[in-house]
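Here is the structure we will look at.
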Amino acid sequence: MPTRTPTARSARRQAQHAHAVPAKEPERRRLRRQAQAGRIIIPSSLTILAICAGLTAMRAAATGDIDAAMALLVAAALLDGIDGRVARLMGATSKIGAEIDSLADAINFGVVPAMIVYFHLLSGHNLGWALSLVYCCAIVLRLARFNTLLDDEEAPGYTRDFFVGVPAPAAAIAALLPIGLAQQFGDGWWTSMPAVGGWLVLVAFLAVSRIPTASLKTASIPPRAIAGLLILVAIGAALLLTYPYILMIIAILGYAAHIPFAWRSKRWVASRPEYWEDKPAERRAQRRAMARTTPGGRRRRPVLKSQRRLGLNRPTGNPAPAEGPDAGDRPTAPTAAAGDTAGDPTTESETR
Numbered sequence: 003m004p005t006r007t008p009t010a011r012s013a014r015r016q017a018q019h020a021h022a023v024p025a026k027e028p029e030r031r032r033l034r035r036q037a038q039a040g041r042i043i044i045p046s047s048l049t050i051l052a053i054c055a056g057l058t059a060m061r062a063a064a065t066g067d068i069d070a071a072m073a074l075l076v077a078a079a080l081l082d083g084i085d086g087r088v089a090r091l092m093g094a095t096s097k098i099g100a101e102i103d104s105l106a107d108a109i110n111f112g113v114v115p116a117m118i119v120y121f122h123l124l125s126g127h128n129l130g131w132a133l134s135l136v137y138c139c140a141i142v143l144r145l146a147r148f149n150t151l152l153d154d155e156e157a158p159g160y161t162r163d164f165f166v167g168v169p170a171p172a173a174a175i176a177a178l179l180p181i182g183l184a185q186q187f188g189d190g191w192w193t194s195m196p197a198v199g200g201w202l203v204l205v206a207f208l209a210v211s212r213i214p215t216a217s218l219k220t221a222s223i224p225p226r227a228i229a230g231l232l233i234l235v236a237i238g239a240a241l242l243l244t245y246p247y248i249l250m251i252i253a254i255l256g257y258a259a260h261i262p263f264a265w266r267s268k269r270w271v272a273s274r275p276e277y278w279e280d281k282p283a284e285r286r287a288q289r290r291a292m293a294r295t296t297p298g299g300r301r302r303r304p305v306l307k308s309q310r311r312l313g314l315n316r317p318t319g320n321p322a323p324a325e326g327p328d329a330g331d332r333p334t335a336p337t338a339a340a341g342d343t344a345g346d347p348t349t350e351s352e353t354r
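The sequence shown begins at 3 in the numbering used here and counts up one residue at a time.
Rendered as C-alpha cells:
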C-alpha cells in the first residue's frame with residue numbers, strides 16, 4: 003500500500019504542534035496547582051469558621067448568655083464535622099488541613115466546653131478551675147493518641163469500627179450535661195461544685211481511657227430501617243425546637259447506654275480473627291447465626307476428657323480381689339492377654 007507524502011503545510015502543522023505541547027505542559031501544571039489550592043480553601047475555611055464559633059461561644063458564656071453559647075458550640079461542632087467530609091468529596095485533603103482540624107478539635111471540644119462550665123457553674127472556685135484544666139488536658143491527650151492511631155497501618159480491620167475511648171465531640175457534649183440540667187430543671191445538687199467537678203473528671207477519664215465506643219464512619223443503614231430513622235429525625239427536630247436541653251440529656255444518656263454493647267461487640271470480634279476484615283453487617287449476621295446455634299452466642303470449646311476420667315481404661319492385669327462378705331458373688335472383669343496390651347501405646351501412656 004503506497005504511503006502518502008506529507009505536504010509542506012502539513013509538515014509545518016506537525017512541527018508547530020510538537021513545539022506547542024512542551025510549552026503548554028507548564029501552564030497545565032500551574033492551572034492544576036491553582037485548582038488544588040482553591041479546593042483546599044473551602045474545607046479549611048469551614049474549620050476556621052468552627053474555631054471562630056467556638057471562641058465566640060466562650061465569650062457568650064463569660065457574659066452570661068448561656069443559650070447563645072450552647073448554640074454557637076453546636077454550630078462549631080457541626081462545622082467541624084462536615085469539613086473533613088467536604089475535603090474528601092472535593093479531593094482536597096492535605097496535611098495542613100488535617101493539622102488545622104486537629105487544633106480546632108482541641109479548642110472547640112477541649113477548651114470551650116471547660117470554660118463554659120467554669121464561667122456558668124464553677125466561677126470563683128479554685129478547685130473548679132483545676133478540674134476544668136484536667137478536662138482540657140485529657141481532651142488534648144485523647145486527640146494526640148487518636149492522631150497516632152491513624153498512622154497504624156498494621157491494625158486489624160475491625161478497629162475502624164471502634165474508637166479508643168469516648169471521642170472528643172461526644173465528650174464535649176457530655177461535659178455540658180450539668181448546664182443542660184440547670185437550664186431545664188433549675189439549680190439543685192447537680193449544679194453543686196462537687197457534682198460538676200466530679201462529672202468533668204469522669205468525662206475526662208472516659209476520653210483518655212481505652213474503653214471502646216462505636217464509630218459511625220463505617221455504619222450502614224439497612225433499607226428496612228430508613229422509615230424508623232426518619233421518624234427519629236422528626237422527633238429529634240421537634241425536641242430541638244421546643245425542648246433542646248431535654249434532647250441533649252436524652253442523647254447523652256443514650257450514648258452512655260451504648261458503651262457496654264460496643265465493649266461486648268469489640269470483645270467478640272477481637273477473639274475471632276477470622277472475622278476481623280468482615281464488614282459490620284456481616285459480623286452481626288455471624289453473631290446472630292451463632293446465637294441461634296449456641297446458647298448466648300459463646301464459642302464452645304471442645305471437651306477433652308481422658309479415658310481414665312470416663313472410666314474406659316483397659317484392664318492391664320488381674321484385678322485386685324474384692325473384699326467383703328459377698329465378694330465371691332461379684333463378677334470379675336476378664337483379664338487381657340499380654341499380647342493385647344504390650345504394643346498398645348495408649349494403654350502404656352495412661353497406666354504409667
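Note that the Cβ used here is the ideal one computed from N, Cα and C, for glycine as well. None of these values were measured; they are calculated from a predicted model.
Answer yes or no: do residue i and residue j have a C-beta to C-beta separation smaller than 8 angstroms?
i: ALA209; j: ARG266; result: no
i: ALA253; j: ILE175; result: yes
i: ALA177; j: LEU202; result: yes
i: LEU179; j: ILE251; result: yes
i: ALA170; j: TYR137; result: no
i: VAL271; j: ARG285; result: yes
i: ALA216; j: ALA140; result: no
i: ASP67; j: GLY86; result: no
i: LEU231; j: ILE223; result: yes
i: ALA52; j: ALA62; result: no
List the endpoints of the continuous beta strand (DSSP E) containing residue i.
i: PHE111; result: Premise fails: PHE111 is in no beta strand (DSSP E) and is neither H nor E.
Closest to residue i by C-alpha separation, out of the options, would be which residue?
i: ARG269; options: ARG212, ARG226, ASP69, THR295; result: ARG212
i: LEU48; options: LEU81, ARG61, ARG147; result: LEU81
i: SER397; options: THR161, ALA79, LEU255; result: The chain is shown from 3 up to 354; residue 397 falls before or after that span and cannot be answered.
i: SER194; options: LEU123, LEU243, PRO246; result: LEU123
i: SER125; options: PHE207, ALA64, PRO275; result: ALA64
i: ALA106; options: PHE121, SER96, ALA78, LEU91; result: ALA78
i: LYS97; options: PRO45, ALA52, ILE141; result: PRO45
i: ALA89; options: ARG41, LEU249, LEU242; result: ARG41
i: GLN186; options: LEU91, LEU241, PRO262, ALA283; result: LEU241
i: ILE118; options: ARG226, ILE43, LEU218, MET72; result: MET72
i: VAL113; options: CYS54, LEU243, THR95, ASP163; result: CYS54
i: ARG147; options: LEU135, PHE165, GLY130; result: PHE165
From which residue to which residue does the alpha helix (DSSP H) around residue i run?
i: PRO171; result: 170–177
i: ALA229; result: 228–244
i: ASP69; result: 68–92
i: PHE207; result: 195–210
For residue i, which residues does DSSP report across the bridge?
i: THR215; result: PHE165
Quick one: complete beta strand (DSSP E) runs, 3+ long, within the stretch 248–294?
none
In the stretch 125–156, which residue ranges form an unbroken alpha helix (DSSP H) of at least 4 residues, counting only runs that do not cross its ends?
128–152
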